[in-house]
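If you want this note's numbering, it's the position in the sequence shown, counting the first as 1, plus 1354. Ideal placement from N, C-alpha and C gives every residue a C-beta, glycine not left out. Here is the structure we will look at.
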Amino acid sequence: MKFKCCDYLLNEIVFAQSSVIPCCCSPVHNYQTHFLSDFNGKEFSIEEYLSKRDHYINEFKSGKIPTSCTGCYKIQEKEWDESYLINRIIITNRTKCSCNCIYCSLVTTSNQSKQELNTRQTYDIVPVLYDLYSKNIIQEGCIITIAGGECTEYPKGELEYILYMAAFLNCKLEILSSGMFYSNSIKRVLNASSCVLKISVDSGQKNTFEQIKRVKAYRQTWKNIKQYIQDSSKNNNSLVLIKYIIIPGINDNLTEVKFFIDKCKRVGCKNIELAVEYLWFYKNKNNKPSDSIKETVLYIKKSGLLISYESQCEEYLNSIS
Ligand code: SF4
Ligand code: SF4
1355 MKFKCCDYLL NEIVFAQSSV IPCCCSPVHN YQTHFLSDFN GKEFSIEEYL SKRDHYINEF
1415 KSGKIPTSCT GCYKIQEKEW DESYLINRII ITNRTKCSCN CIYCSLVTTS NQSKQELNTR
1475 QTYDIVPVLY DLYSKNIIQE GCIITIAGGE CTEYPKGELE YILYMAAFLN CKLEILSSGM
1535 FYSNSIKRVL NASSCVLKIS VDSGQKNTFE QIKRVKAYRQ TWKNIKQYIQ DSSKNNNSLV
1595 LIKYIIIPGI NDNLTEVKFF IDKCKRVGCK NIELAVEYLW FYKNKNNKPS DSIKETVLYI
1655 KKSGLLISYE SQCEEYLNSI S
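What follows is the structure, encoded as structure tokens:
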């Protein structure tokens, strides 16, 4: 059937701090989760989840856009595969991270301090993943995104369990990491599994790194990136992607981006993901990009490296030529 909807609602599930939601489009709906909230990990009811999801799908099918989705850039009209199997699971229930990025959504969109986030207890995701699997709603080869806080700082053994589960379910992995701590478990998946490791560095110079990440880990992070790139070098199914989030007024200048591209080339990086800091982006996306943003983007585009864009700002960045 052809109708307006989004593949996130139909096929994605996000395990957030204390809720289960279909997408991470928080700026779209003012950071309010709009779907099966208040999940503590103990009594996950797949039936309740599917029934709430059906409610939203039916609204879309009847031509009505749910209030919480109004204005979302992900809505499109097309023929949808109506099996509605889950093809992407995002794990973002933990909040501990030794980095302290100025744009971190964990801090900027919650009332919790960094200290609270670093000591916050949460649920164990592994039994929930197994439950999803046993109910046959996960698509073969689906993507598991291991996101926040920082997966190398998960409680002992948890990252390894998730990676084991991903292998068991034949999933592709997407791992988001600060890059501060080298992980032998990540090394193993880069070596032998299907895995994209994303590390956001956002800078080329030490002082800018420390201004953005607010932690003294510039050398260690680049050293770890170099090692991860070597770990993935013999596996065509893996890659390490270095991310540059443009933060207007801080790293949108030629000096910074030249250092950044130079660093990327020195560590053997071939893939870059470009993004724009999302709070700034949602306020300014309808305005013309400034000269400094244009210069920054064009320099990266002409670097000879493979460039991809974070989906929410893809159109904006693509238009800069
Ligand atoms: S339309 Fe946007 S806000 Fe609504 S479920 Fe889809 S991705 Fe999320
Ligand atoms: S690395 Fe990620 S989780 Fe950690 S502070 Fe930065 S944005 Fe937040």
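Residue i beta carbon near ligand 1 (any heavy atom closer than 8 Å)
i     : result
C1549 : no
S1422 : yes
L1363 : yes
I1429 : yes
Y1410 : yes
C1377 : yes
C1667 : no
C1496 : no
Euclidean distance between Cα positions of residue i and residue j
i     : j     : result
I1661 : I1456 : 24 Å
L1544 : I1516 : 15 Å
H1409 : N1605 : 43 Å
T1575 : I1540 : 14 Å
A1571 : I1579 : 12 Å
F1613 : S1646 : 16 Å
N1524 : Y1582 : 22 Å
L1513 : I1599 : 26 Å
F1635 : C1667 : 8 Å
C1423 : E1669 : 19 Å
P1481 : S1373 : 16 Å
K1655 : C1618 : 14 Å
T1473 : Q1371 : 13 Å
S1673 : N1640 : 12 Å
Y1653 : K1642 : 18 Å
Y1385 : L1633 : At Y1385, the pLDDT of 47 sits below 50, so the modelled position is not reliable; the number obtained from the coordinates is stated separately. Answer to the nearest angstrom: the Cα atoms are 11 Å apart.
T1421 : N1441 : 25 Å
V1621 : E1564 : 20 Å
S1644 : E1631 : 14 Å
T1462 : G1558 : 24 Å
I1400 : Q1475 : 23 Å
Proximity below 9 Å, CB of residue i to CB of residue j
i     : j     : result
I1445 : F1393 : no
S1532 : C1623 : no
V1651 : N1625 : no
E1627 : T1562 : no
K1597 : A1629 : yes
E1664 : N1607 : no
N1454 : K1577 : no
C1496 : L1439 : yes
R1683 : L1363 : Not covered by the structure: residue 1683. The range shown for the chain is 1355 to 1675.
I1479 : G1395 : yes
I1411 : I1419 : no
N1490 : C1549 : no
I1375 : L1486 : no
S1587 : I1615 : no
beta-carbon residue i near ligand 2 non-hydrogen atom, thresh 8 Å
i     : result
S1459 : yes
E1504 : yes
S1537 : no
S1557 : no
K1432 : no
C1455 : yes
K1639 : no
K1567 : yes
C1451 : yes
S1464 : no
S1467 : no
L1530 : yes
S1662 : no
Simplified DSSP state of residue i, which is helix, strand or coil
i     : result
I1398 : A small fix is needed here, since residue 1398 is Phe in this sequence, not Ile. Residue state, collapsed to three classes: coil.
S1675 : coil
S1657 : coil
K1356 : strand
T1499 : strand
L1364 : helix
Y1536 : coil
C1458 : coil
F1563 : helix
C1426 : coil
R1442 : strand
F1393 : coil
N1524 : coil
I1375 : strand
K1432 : strand
E1631 : coil
S1662 : strand
I1492 : strand
V1334 : Because the chain spans 1355 through 1675 in this model, residue 1334 falls outside it and cannot be assessed.
S1646 : helix
Residue i beta carbon near ligand 4 (any heavy atom closer than 8 Å)
i     : result
K1489 : Annotation note on ligand 4: not contained in the displayed structure, which lists ligand 1 and ligand 2 as its ligands.
Handout entry: Stretch-stretch touch, CB-based, cutoff 8 Å, three pairs: the region 1462-1472 with the region 1406-1421
Key = no
Practice task
Mind the definition here: the region 1549-1556 touches the region 1518-1531 only if three or more C-beta pairs lie below 8 Å; say whether that holds.
Solution key: yes
Problem - At least 3 beta-carbon pairs within less than 8 Å: the region 1500-1508 vs the region 1430-1449 - result: yes
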